[in-house]
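Visitor: Here's a structure for you.
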Amino acid sequence: MADVFISYKQRMRPRVAQIARALEGLGLSVWFDAELQAGRSFGAVINAELARAGCVLVCWTPDAFAPEDGTEVSWVEAEATVARERKVIVPIMLERTPLKAPWNMFHTERMMDWTGGADDPAWFNLLEAIGRHVGRPGLAEYARAVGNPAALAAWATKYLDDPLAAKAAAPGTISPVTRARTLLRRATRIGRPTQWLLGATLFNTLAAILVLLRFGPDAEGNVSYLINAGPLISSAVWALALWRSKTLDIGRALFTIMAAAIGYVVAIFSAPLVEPTMALFATEADQARGFINGTYSGFGGAFVALGGIALLIGNVGRDRWISILLGSLALGLVCGILGTGVLKSVYTSNFFWISIVWTFSYGLLLTRLAAGRSASTM
Numbered sequence: 147m148a149d150v151f152i153s154y155k156q157r158m159r160p161r162v163a164q165i166a167r168a169l170e171g172l173g174l175s176v177w178f179d180a181e182l183q184a185g186r187s188f189g190a191v192i193n194a195e196l197a198r199a200g201c202v203l204v205c206w207t208p209d210a211f212a213p214e215d216g217t218e219v220s221w222v223e224a225e226a227t228v229a230r231e232r233k234v235i236v237p238i239m240l241e242r243t244p245l246k247a248p249w250n251m252f253h254t255e256r257m258m259d260w261t262g263g264a265d266d267p268a269w270f271n272l273l274e275a276i277g278r279h280v281g282r283p284g285l286a287e288y289a290r291a292v293g294n295p296a297a298l299a300a301w302a303t304k305y306l307d308d309p310l311a312a313k314a315a316a317p318g319t320i321s322p323v324t325r326a327r328t329l330l331r332r333a334t335r336i337g338r339p340t341q342w343l344l345g346a347t348l349f350n351t352l353a354a355i356l357v358l359l360r361f362g363p364d365a366e367g368n369v370s371y372l373i374n375a376g377p378l379i380s381s382a383v384w385a386l387a388l389w390r391s392k393t394l395d396i397g398r399a400l401f402t403i404m405a406a407a408i409g410y411v412v413a414i415f416s417a418p419l420v421e422p423t424m425a426l427f428a429t430e431a432d433q434a435r436g437f438i439n440g441t442y443s444g445f446g447g448a449f450v451a452l453g454g455i456a457l458l459i460g461n462v463g464r465d466r467w468i469s470i471l472l473g474s475l476a477l478g479l480v481c482g483i484l485g486t487g488v489l490k491s492v493y494t495s496n497f498f499w500i501s502i503v504w505t506f507s508y509g510l511l512l513t514r515l516a517a518g519r520s521a522s523t524m
C-alpha cells in the first residue's frame, strides 16, 4: 500500500515526478502510473492502488475534467471521486483552473509556482494534509526544521513514532528502551492483512512446535493423523486470516485450502525424484538424500501453494511470480540443509526442524504476497 497515490494528466508527468521525488525524500511511499509494468491490466492495477492508498493527491489542471458534452471520460475526475468517497482526497492545483462543485468545496493548495523549493508555504501546507492522512502529523514540521540540527533534534523528541525520528535525533538522545517502544507502536499500526497473516503464521508455528514436541514426529495411531493433517489445518488458519483481513472473499479464501492441499501432495510425491537425483551425483550418502528430499519437498510444496493463492488474489505480475519462485527456492534450500541433520544435536528429528522452519517461512512468504490486497479490488 502506497502512502500517496497521485492522479494527474499525462502531460504533467515531469511536474508530478518532481513532487513524487520530494515526497519520497521524506520517507513516503508514492505511486503513480509510471510504475505500471507491461503485460499487466492498467485499469485493474490503478484501481487496486487507488483503493489502498493512504491518501490521493489529485492534481488539477484545466484539461483534467471531462468535456461537458460527455464525449470523454476523465481518469482524474474518476479517481478524485473514489478519493472523495474514501475521504482521503488531497487536491492541489498545478495550473490555474476554475473548480466547479463538488471540487470547489475542498481546500485546494495552489502549487502553480512551486519549483521544488522546500521552504514554500504551499509545500508545507501540502505536507500537513498528507501527514494527517498517513499518520505522520509531524511531516510539515520536519520539513521546516531541515537544515537546523537543534530544531531537528527537538522534532525527533516530539515525534518519536515518525520513521525519520532516528535520523533526525541528536546522538544519544533516544534511549534503547524508547526506541523499542517506538518500534512496538509502529508494529501495531501495520496494515490489517499483515497483522492477520503474521498472527496466523505465529499461531501455526507455535501449534506445530507444541504438537511435535508433545507427540513426536513418529507418533502412531490417531495422533499420526493429526500430525499428517497439520498442513491442511494450518492452511485453514491462513484461509481464515485471508478472509478476515479482506484480502480475499470467503469463496476464494476457501479455495486457498485446496491450493495448499495440492502443494502438500506435490511435496509428498517428490520423494520418487530423490533416488534418480542421487544417481546423477553417484552418491548413497544419507546426508545427500536428506538434502535432496528436503529441497524438493520444501520448494515444491511452497511454490505450488503460493502460486495457487497468487492466482486467486489476481493482478500478480511477472515480478511477483519471480519473487514467489525465488522465495520458494530459498525455502527449499533451507529445508534441504535441515534435511542433512545439521540440528540433530539439538533435537533428533529432521522432520521436526523442516516442519517448523517451513511453516514459519511459508507464512512470511504468504504475508508478503497477500499483504495490501483487498477483496474490494478483485
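Quick note: the sequence shown uses the numbering used here, first residue 147, plus one each step. We put the CB at the ideal spot given by N, CA and C, even for glycine. For clarity, every value in this text was computed on a predicted model and none was experimentally measured.
Does DSSP classify V412 as helix, strand or coil?
Guide: helix
Visitor: Per the contact definition of three or more C-beta pairs closer than 8 Å, is the stretch 466 to 473 in contact with the stretch 398 to 413?
Guide: Not touching, per the Cβ criterion.
Visitor: Cα separation between P418 and S443?
Guide: 11 Å
Visitor: Along the chain, which unbroken stretches of the alpha helix (DSSP H) at least 4 residues long are found entirely within the stretch 219 to 277?
Guide: 221 to 232
Visitor: So, for K246: in the same chain, excluding its five sequence neighbours on each side, which residues have a beta-carbon less than 6 Å away from its beta-carbon?
Guide: none
Visitor: Leaving aside the five residues before and after A275 along the sequence, list all residues of the same chain whose C-beta is less than 6 Å from its C-beta, in chain order.
Guide: Hits under 6 Å: V236.
Visitor: Kindly indicate which three-state DSSP category T505 falls into: helix, strand or coil?
Guide: Taken through DSSP and simplified to helix, strand or coil, T505 comes out as helix.
Visitor: Who are S153's beta bridge partners in DSSP?
Guide: V204
Visitor: Please report how far the alpha carbon of L400 lies from the alpha carbon of T340, in whole angstroms.
Guide: 19 Å
Visitor: Thinking just about the alpha-carbon of each residue, which of F498, V219, V503 is nearest to the one in G478?
Guide: The candidate whose alpha carbon is nearest that of G478 is V503.
Visitor: Find the nearest neighbour of V204 within the set D395, K490, S220, L515, judged by alpha-carbon distance.
Guide: S220
Visitor: Measure how close the beta-carbons of I500 and G440 come, nearest whole angstrom, since I'm counting them as under 8 Å.
Guide: Contact between I500 and G440 holds, since their C-beta atoms are separated by about 6 Å, short of 8 Å.
Visitor: Should E287 and N271 be called a contact, given that it needs their Cβ atoms to be closer than 7 Å?
Guide: no
Visitor: According to DSSP, what are the bridge partners of W177?
Guide: F151
Visitor: What are the boundary residues of the alpha helix (DSSP H) that V383 is part of?
Guide: 376 to 390 is the extent of the alpha helix (DSSP H) around V383.
Visitor: DSSP state of L196, grouped into three classes?
Guide: Under the three-state reduction of DSSP output, L196 falls in the helix class.
Visitor: What are the boundary residues of the alpha helix (DSSP H) that includes P339?
Guide: 338 to 361
Visitor: Looking at E195: is its Cβ nearer than 7 Å to the Cβ of W177?
Guide: Contact: yes.
Visitor: What are the boundary residues of the alpha helix (DSSP H) that K490 is part of?
Guide: First-last for K490: undefined, no H or E at that position.
Visitor: Under three-state DSSP, which class holds S520?
Guide: Summary for S520: the model assigns pLDDT 40, below 50, so the residue's position carries little reliability; its value from the coordinates is reported in the next sentence. Reduced to three states, the DSSP call for S520 is coil.
Visitor: Could you tell me if F151 is buried or exposed, where buried requires 16 or more neighbouring beta carbons within 10 angstroms of its beta carbon?
Guide: By the neighbour-count rule (16 or more Cβ atoms within 10 Å), F151 is buried.
Visitor: Applying the 10 Å Cβ sphere with the 16-neighbour rule, what's the burial state of F437?
Guide: buried
Visitor: Taking the alpha helix (DSSP H) that E214 belongs to, which residues open and close that run?
Guide: Per DSSP, E214 belongs to no alpha helix (DSSP H) and is neither H nor E.
Visitor: Going by the CB atoms, is the gap between G284 and D308 shorter than 7 Å?
Guide: Yes, they are a contact pair.
Visitor: Tell me which same chain residues have a C-beta within less than 7 Å of the C-beta of M158, skipping the five on either side of it?
Guide: Sequence-distant Cβ neighbours of M158 in its own chain, meaning closer than 7 Å and more than five residues away, are C205, T207, L240.
Visitor: Residue ranges of each alpha helix (DSSP H) run of no fewer than 4 residues wholly in the stretch 402 to 456, ordered along the chain?
Guide: 420 to 426
Visitor: Indicate the three-state DSSP secondary structure (helix, strand or coil) for N294 in the structure shown.
Guide: coil
Visitor: Taking the Cβ atom as the reference point for each residue, do S380 and N350 lie within a distance shorter than 7 Å?
Guide: yes
Visitor: Compare the C-alpha of G482 against each of L511, R514, G446, L174 and name the closest.
Guide: For G482, the nearest C-alpha among the options comes from G446.
Visitor: CA-CA distance, Q183 and F498?
Guide: Because the pLDDT of Q183 is 40, which lies under 50, any placement of that residue in the model is unreliable, and the number read from its coordinates should be weighed accordingly. Distance between the alpha carbons of Q183 and F498: 42 Å.
Visitor: Less than 8 Å between C-beta atoms, sequence neighbours within five positions excluded: which residues of the same chain meet that for C201?
Guide: D149, V150, F151, A229, V234, I235, V236, A275, I276, H279, V280
Visitor: Assuming G173 contacts L310 under a Cβ cut-off of 8 Å, what Cβ separation, rounded to an integer in Å, is found between them?
Guide: G173 to L310, Cβ: 5 Å. Contact.
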